[in-house]
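What follows is one structure encoded as structure tokens, with my remarks underneath.
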Amino acid sequence: MDLPATLRMYHNAYAAQATQHASYEIACEWVAGILPDLPMMSRTVLLAHAQRSAQWANAGYLPAEAFPLIASGMTPELASAMDPEPGQHTERLADQIRLLENDE
């Protein structure tokens with residue numbers, strides 16, 4: 025399957041499950057994280073990844089926020105249990121940057 029068709033299939037599966045961050049662009053970010061493995065993935069594995077990515081999105085995580093957590097072996101359920109305000113990582117980082125800028 026060519027890349028555009030793969031992206032459409034992934035996005036359709038992802039968007040069917042995601043209640044947050046369900047855009048095509050975000051789905052493409054999730055696929056970018058698995059791009060080296062994409063040629064070897066079966067359709068079943070790819071669709072399972074789309075569903076798992078949707079679980080991360082539903083927990084409030086963007087791909088860039090979730091990738092390090094996934095690499096450490098964390099699940100969206102565990103991340104949500106540890107972070108009472110999932111999806112607020114970027115906002116907290118922006119607040120920290122503003123504080124640092126005000127100190128200068």
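If you read the sequence shown in the working numbering, its first letter stands for residue 25, the second for the next number, and so on. By construction, the Cβ of each residue, glycine as well, lies at the ideal position given by its N, Cα and C atoms.
Would residue i and residue j qualify as a contact pair, given that the criterion is a beta-carbon distance under 8 Å?
{"i": "Tyr-48", "j": "Ala-74", "result": "no"}
{"i": "Leu-93", "j": "Ala-103", "result": "yes"}
{"i": "Leu-86", "j": "Val-55", "result": "no"}
From what residue to what residue does the alpha helix (DSSP H) around residue i run?
{"i": "Tyr-85", "result": "Where Tyr-85 is concerned, there is no enclosing alpha helix (DSSP H), given that its DSSP letter is neither H nor E."}
{"i": "Gln-41", "result": "27 to 41"}
{"i": "Leu-102", "result": "100 to 106"}
{"i": "Ile-58", "result": "Run containing Ile-58: none; DSSP gives neither H nor E here."}
Is it buried or exposed, residue i, if we count other Cβ atoms within 10 angstroms and call 16 or more buried?
{"i": "Ser-77", "result": "buried"}
{"i": "Ser-97", "result": "As written in the sequence, residue 97 is Gly, which differs from the Ser given in the question. So Gly-97 ends up on the exposed side."}
{"i": "Ile-121", "result": "exposed"}
{"i": "Pro-100", "result": "buried"}
{"i": "Ala-90", "result": "buried"}
Compute the minimum distance between the beta carbon of residue i and the heavy atoms of the ligand SAH, and state whether it is under 7 Å.
{"i": "Ser-66", "result": "The ligand content of the structure shown is nil, which means the ligand SAH is not present either."}
Is residue i close to chain D? Criterion is C-beta to C-beta, closer than 8 Å.
{"i": "Gln-41", "result": "In the displayed structure, chain D is absent; only one protein chain is listed."}
Would you report the Cα separation of residue i and residue j, rounded to the nearest angstrom?
{"i": "Leu-62", "j": "Leu-70", "result": "8 Å"}
{"i": "Ala-83", "j": "Met-64", "result": "28 Å"}
{"i": "Gln-41", "j": "Ala-72", "result": "11 Å"}
{"i": "Glu-125", "j": "Ser-66", "result": "48 Å"}
{"i": "Met-25", "j": "Leu-123", "result": "48 Å"}
Since residue i contacts residue j with CB under 8 Å, what's their CB separation in whole angstroms?
{"i": "Ala-39", "j": "Ala-29", "result": "At roughly 16 Å, the Cβ-Cβ gap does not stay under 8 Å, so Ala-39 and Ala-29 are not in contact."}
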